[in-house]
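Student: Note that our numbering has the sequence shown beginning at 655, numbered continuously upward.
Glycine residues also receive a C-beta, built at the ideal position from the N, C-alpha and C atoms.
Please read these numbers as outputs of a predicted model, since none were measured by experiment.
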Amino acid sequence: MKIHPLIRVLFLGTILLAPVLQGCSSYSVKRVSVDTEGGVTSRWTDTDARLTAKKLIKKALDTPWLTNFQEKHGRRPVVELGQMINRSDQHINTRLFLNHFQDELINSGKVRFVTASEAHRRALQEERAYQMKHARSSTVHGPGEQTGADFLLTGSINSYMARRGGKTVRFYETHLKAIDLTTNEIIWGTEYRVKKIAHQSGYGF
């Protein structure tokens, strides 16, 4: 039985292209540890947020502003997280960074934290109002008994970028400072920088 030449060419072409088409359409997912460095982008990632928080925590605990307060007042300072301003050239979830920072600082045992979240405060006000109406008087947590903060932590994330050929270099600078809520003095400040380089290579089969 003779096969038409055109059919033969199409058949061979299909066989040769099958691996290529299969490779182009393949998709896979790999589960990794949350501590794994992505390394595939020059943009800010959750790993950058964790590492930056860890470095800034170390700087906060290694400087004397916390111990000075405790020696003067005989207690741990109460801290509240203020606004973290994103001045970078991309969207950054600053709450992710602040959550890392807050958790690490609380777990250090050197400070006490009160919430600065408007949503949290509204929920707490509603709960206190409910307790005043429905709970036993000995268990009510009424207004005027909340703990005030001694220091407000606030800061910003800045970035700048340079491109040359197939290379992209990004710098991220995270600044943090503690403000005394009694005197408005900035009693502590620091920064941490992240530098990321991405290489773009040509594509081909």
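I need the boundaries of the alpha helix (DSSP H) containing Glu725, first residue and last residue.
Tutor: Mapped onto the sequence shown, residue 725 falls at position 71. Segment 719-727, the alpha helix (DSSP H) holding Glu725.
Student: Does Arg847 pass the burial test, meaning 16 or more other C-beta atoms within 10 Å, or should it be called exposed?
Tutor: Residue numbering aside, residue 847 sits at position 193 when the sequence shown is read from its first letter. Exposed.
Student: Is the Cβ-Cβ distance between Asn761 and Thr748 less than 9 Å?
Tutor: As a working note, residue 761 is residue 107 in the sequence shown. As a working note, residue 748 is residue 94 in the sequence shown. Cβ atoms of Asn761 and Thr748: not closer than 9 Å.
Student: Which one or two residues does DSSP pair with Asp757 in a beta bridge?
Tutor: Position 103 of the sequence shown, counted from the first residue, corresponds to residue 757. Its beta-bridge partners do not exist; DSSP assigns none.
Student: With DSSP run on the structure shown, which of helix, strand or coil describes Pro779?
Tutor: As a working note, residue 779 is residue 125 in the sequence shown. A quick correction: the sequence has Gln, not Pro, at residue 779. The answer is helix: DSSP assigns Gln779 an H, G or I state.
Student: Which class does Ala816 belong to by DSSP, given the choice of helix, strand or coil?
Tutor: Taking the first residue of the sequence shown as 1, we reach residue 816 at position 162. Correct three-state label for Ala816: strand.
Student: Could you tell me whether the Cβ atoms of Ala777 and Ala803 are closer together than 9 Å?
Tutor: For the purposes of this step, residue 777 is taken as the residue at position 123 of the sequence shown. For the purposes of this step, residue 803 is taken as the residue at position 149 of the sequence shown. No, they are not a contact pair.
Student: Taking Arg704 as part of the alpha helix (DSSP H), name the residues at either end of that continuous run.
Tutor: Your numbering for residue 704 matches position 50 in the sequence shown. Where Arg704 is concerned, the enclosing alpha helix (DSSP H) stretches over 700-716.
Student: Can a CB atom of chain B be found closer than 9 Å to the CB of Thr721?
Tutor: As a matter of chain content, chain B is missing from the structure shown, which is built from one protein chain.
Student: Can you check whether the CB of Ala832 is closer than 9 Å to the CB of Ala714?
Tutor: Within the sequence shown, residue 714 is the residue found at index 60, counting from 1. Within the sequence shown, residue 832 is the residue found at index 178, counting from 1. Cβ atoms of Ala714 and Ala832: closer than 9 Å.
Student: Quickly, what does DSSP pair His829 with across the bridge? List them, please.
Tutor: By one-based count along the sequence shown, residue 829 stands at place 175. Looking at the DSSP assignment, His829 forms a beta bridge with Ser810, Glu845.
Student: Among residues of its own chain, excluding the 5 on either side of Pro732, which ones have a beta-carbon nearer than 8 Å to its beta-carbon?
Tutor: For this step, residue 732 is matched to residue 78 along the sequence shown. Looking at the sequence itself, residue 732 is Val, so the reference to Pro does not match. Cβ within range, chain order: Val765, Arg766, Phe767, Val768, Thr801, Gly802, Ala803, Asp804, Phe805.
Student: Applying the criterion that 16 or more other CB atoms from any shown protein chain within 10 Å of the CB defines a buried residue, is Tyr826 buried or exposed?
Tutor: Taking the sequence shown and counting its residues from 1, the one referred to as residue 826 is at position 172. Note on Tyr826: 16 or more other CB atoms within 10 angstroms of its CB, so buried under the neighbour-count rule.
Student: Between which two residues does the beta strand (DSSP E) containing Val768 stretch?
Tutor: One-based indexing of the sequence shown puts residue 768 at position 114. 766-768 is the extent of the beta strand (DSSP E) around Val768.
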